[in-house]
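Accompanying notes for the structure given below.
In this note's numbering, the protein residues as written are 267 to 567.
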């Protein structure tokens, strides 16, 4: 029978702790080891892998590019080991902490209202939700799932489509009374268009005029950090905004916002996807439960 030469998962845990604690001494204290023992362990790991994981200076350790990739993979593997042990111990019941990021419209208006139902269905899952329109790196933030709108950038993430949401251009009656109502797409050039102060996949507003696709670039006067801020600014008469229709349905219904240029707006909608880290055949039960729950319960139109 072959003999295991090393405890690879144990080495990974020590390596990860060195990264997170910023040095050998702090990691050694966590594992009740000596700093020299931790240093030798990392050295053996580098020898076996045939590459340097850290660049060492007198004061600080810096991950090499190979070390960064190994760190990200080690986090996933350790999480999978912990998840597998938990699942076996609890007859495969979904449990543990689930870190989710969601864009502001879906997060505030579609996901958060469902949290009580999710907690009732999965009481052993601790849900950690961040709502932001900035695209977060799941590896860097150590998140499990991100809900994103629009075209997806090329990445190693897996996507599950939750649906489409229709977009609309809108402004408040007070803004329109003061600045006039645009009746053509070209007229938007003389209006205040509320944009965003971070890079987006599709920053322009798409229209279709006489069968041709055209676009308008907002920003320059008011730029905001998220869609909820854009909605509030539009309600205050600050300008014209482009938002998901479900995000402003209540305000349109009670007359606080008016939809503009709908006849020039292209059909279809913006895709909403739940993206997650995958590719090794094992999806933690807590992640699978959340994805299925979202597909079943989130309504985007």
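Just so you know, even glycine gets a beta-carbon here, dropped at the ideal spot from N, CA and C.
Check: Can you tell me which residues form a DSSP beta bridge with residue 539?; Outcome: 414, 427
Check: If you count every other CB in all the chains shown that lies within 10 Å of the CB of residue 440, and 16 or more means buried, which is it?; Outcome: exposed
Check: Closest to residue 462 by CA distance: which of 363, 483, 451, 307 is it?; Outcome: 483
Check: Taking only three categories from DSSP, how would you classify residue 551?; Outcome: helix
Check: Pull up the CB-CB distance for residue 425 and residue 539, whole angstroms please, since I reckon it's below 8 Å.; Outcome: 4 Å
Check: Would you call residue 347 buried or exposed, if buried means 16 or more other Cβ atoms sit within 10 Å of its Cβ?; Outcome: exposed
Check: Would a C-beta distance cut-off of 8 Å place residue 373 and residue 397 closer than the cut-off?; Outcome: yes
Check: How about residue 556 and residue 364: are their beta carbons less than 8 Å apart?; Outcome: yes
Check: Can you look up residue 419 in the DSSP assignment and give me helix, strand or coil?; Outcome: coil
Check: So residue 509 packs on residue 434, CB below 8 Å; how close in whole Å?; Outcome: 7 Å
Check: Check the Cβ-Cβ distances between residue 379 and every residue of chain C, and say whether any is below 8 Å.; Outcome: Absent from the structure is chain C; it holds one protein chain and no more.
Check: Just list the beta strand (DSSP E) runs in the region 349 to 391, keeping only unbroken ones of 3 residues or longer that don't cross its boundaries, in chain order.; Outcome: 362 to 368
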